[in-house]
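One structure is given here, and the rest of the page talks about it.
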Amino acid sequence: MPGFGPVLAAEFLGGTGGDLSVFQSADRSAGVVGLAPAPRDSGRISGNHRRPRRYGRRLLRVFTSPGFPR
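Positions 1 to 70 (the numbering used here) are the ones given, in order, by the sequence shown.
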């Protein structure tokens, strides 16, 4: 991937197991990484979003590190 250094690329491959076909879509991969917010609405309250309870902390570190291209 362009913009990834050797360390980030190794962490990304290690976190995904080297097989990106596990994720059916980009939305699913963003949810697993923890970048996609999960709704936490109840009753009349809407618009509350939070990080999912289960997410890949290693992969989140890859995508939020200073070396990741934005």
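From the three backbone atoms N, C-alpha and C, an ideal C-beta is built for every residue, glycine too. Since the structure is predicted, the reported quantities are computational estimates derived from the model, not experimental observations.
### Status (buried if at least 16 other CB within 10 Å, exposed otherwise) for T82
Residue 82 is absent from the model: the chain starts at 1 and stops at 70.
### Task
Along the alpha helix (DSSP H) that carries R28, what are the first and last residues, could you check?
The residue you call residue 28 lines up with position 28 of the sequence shown. Segment 26 to 33, the alpha helix (DSSP H) holding R28.
### Task
State the DSSP-derived secondary structure class of R40, mapped to helix, strand or coil.
Taking the sequence shown and counting its residues from 1, the one referred to as residue 40 is at position 40. Coil at R40, not helix or strand.
### Query
At which residues does the alpha helix (DSSP H) containing P6 begin and terminate?
The count along the sequence shown starts at 1 and reaches residue 6 at position 6. Looking at the DSSP string, the run of the alpha helix (DSSP H) that includes P6 is 6 to 16.
### Query
Under a three-way DSSP split, which group does R50 fall into?
Residue 50 sits at position 50 when you count from the first residue of the sequence shown. R50 falls in the strand class under three-state DSSP.
#### Entry: Alpha carbon of P39 to alpha carbon of A26, nearest angstrom
On the sequence shown, position 39 is the one that residue 39 refers to. On the sequence shown, position 26 is the one that residue 26 refers to. About 18 Å.
### Query
What residues in its chain sit with their C-beta under 6 Å from that of L59, if we drop five residues either side in the sequence?
Along the sequence shown, read from residue 1 onward, the residue named residue 59 stands at position 59. Closer than 6 Å at Cβ, skipping near neighbours: G15, V33.
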